[in-house]
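Here's the structure we're looking at; comments come further down.
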Amino acid sequence: MNNLDIIDRMKTLANVREDQELAKIFGIGKTAVANWKRGTAISLAYVADFAEKYNCDLNWLITGESKEKKLDTSERMLLTAFADLDDSQKMQAVLFLGNLASGNPTAPNGGVAM
């Protein structure tokens with residue numbers, strides 16, 4: 003856990019530049035942020051509260067790495083095919099998938115999905 007990187011990510015998300023502005027978000031003095039920069043541990047409670055307040059991934063805030071779900075082959079194939087549809091076909095596909103997910107495999111045109 004690199005404090006300087008965490009502080010930089012916090013400043014970016016909060017759209018602030020100065021340590022004092024970041025400190026104000028936490029309700030602490032700017033010397034606390036300066037101490038973090040010198041290696042004093044940042045309280046996990048501060049980091050977790052910040053992640054919740056700014057709706058960001060806690061793992062990303064701490065490590066800089068995102069835990070985005072990788073698409074499997076069938077998901078990539080579906081998205082590729084979907085991108086080639088016109089707007090009307092996309093709506094039909096969305097309706098069909100919604101029906102399929104809810105246990106009703108009826109195609110939008112009234113047919114049965116195979």
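Using my numbering, the first residue of the sequence shown is number 3, and each one after it goes up by one. From the three backbone atoms N, C-alpha and C, an ideal C-beta is built for every residue, glycine too. Please read these numbers as outputs of a predicted model, since none were measured by experiment.
Am I right that residue i and residue j are in contact with their C-beta atoms under 8 Å? What's the rounded C-beta distance?
| i | j | result |
| --- | --- | --- |
| Ala-34 | Ala-25 | 6 Å |
| Ser-68 | Asp-59 | 6 Å |
How about residue i and residue j: are their beta carbons less than 8 Å apart?
| i | j | result |
| --- | --- | --- |
| Leu-6 | Lys-32 | no |
| Ala-36 | Ile-27 | no |
| Ile-64 | Ile-8 | yes |
| Arg-11 | Gly-66 | yes |
Roughly how many angstroms separate the alpha carbons of residue i and residue j, rounded to a whole number?
| i | j | result |
| --- | --- | --- |
| Asp-89 | Met-79 | 18 Å |
| Ala-115 | Ser-104 | Low local confidence applies: a pLDDT of 48 at Ala-115 is under 50, so the model's placement there is unreliable, and no value is given. |
| Asp-21 | Lys-71 | 33 Å |
| Leu-73 | Thr-82 | 12 Å |
| Trp-62 | Lys-13 | 14 Å |
| Phe-98 | Ala-53 | 36 Å |
| Asn-106 | Gly-100 | 8 Å |
| Ala-85 | Gly-41 | 48 Å |
| Tyr-56 | Thr-75 | 33 Å |
| Leu-102 | Glu-23 | 50 Å |
Please indicate yes or no: does the CB of residue i lie closer than 7 Å to some heavy atom of the ligand HEM?
| i | result |
| --- | --- |
| Met-93 | Only the bare structure without any ligand can be found here, which leaves the ligand HEM out of the picture. |
### Task
Specify whether the region 90-100 and the region 43-57 touch according to this definition: at least 3 beta carbon pairs, one from each stretch, less than 8 Å apart.
no
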